[in-house]
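Structure first, commentary second.
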């Protein structure tokens, strides 16, 4: 059983006039019945106009391949972010250690520069 003109247009994601033009130019083969209605074989229609939901993707063209690729890319992003977080933690710890050392410094080392420069005796 074939598609009618309207069904073919919907299945291909095209307008009825586009499908009719393709029929008249013999890009798609179809038959007219006694009432003047078109009958278009689905395989013939999708040979010229692949169904939008069946469009070929990278890999062998399945939706599972596409999902697997997105999942792999997502895992790569997660790993990169985890690495960056670890680097930031190490930087934070280094800055914390430096701040602790500065707070525990001897009082004379915390004096302003000009005082250390001109106050020779202490």
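Numbering (the working numbering), first residue to last: 187 to 308. Note that CB positions come from ideal geometry on N, CA and C, so glycine has one too. Quick caveat: nothing in here was measured; it's all calculated off a predicted structure.
Taking residue i and residue j to be in contact with their CB atoms under 8 Å, please state how far apart those CB atoms are, rounded to whole angstroms.
i           : j           : result
residue 225 : residue 188 : 4 Å
residue 198 : residue 229 : With a Cβ gap of about 12 Å, residue 198 and residue 229 do not count as contacting.
In whole angstroms, give me the CA-to-CA distance for residue i and residue j.
i           : j           : result
residue 283 : residue 302 : 25 Å
residue 203 : residue 235 : 14 Å
residue 245 : residue 206 : Since pLDDT at residue 245 reaches only 48, below the 50 mark, its modelled position is unreliable, and no value is offered.
residue 263 : residue 279 : 24 Å
residue 276 : residue 287 : 17 Å
residue 218 : residue 253 : 42 Å
With a threshold of 16 other CB atoms inside 10 Å of the CB of residue i, please say whether the residue is buried or exposed.
i           : result
residue 271 : exposed
residue 194 : buried
Taking a contact to mean a Cβ-Cβ separation below 9 Å, would you say residue i touches residue j in this structure?
i           : j           : result
residue 223 : residue 191 : yes
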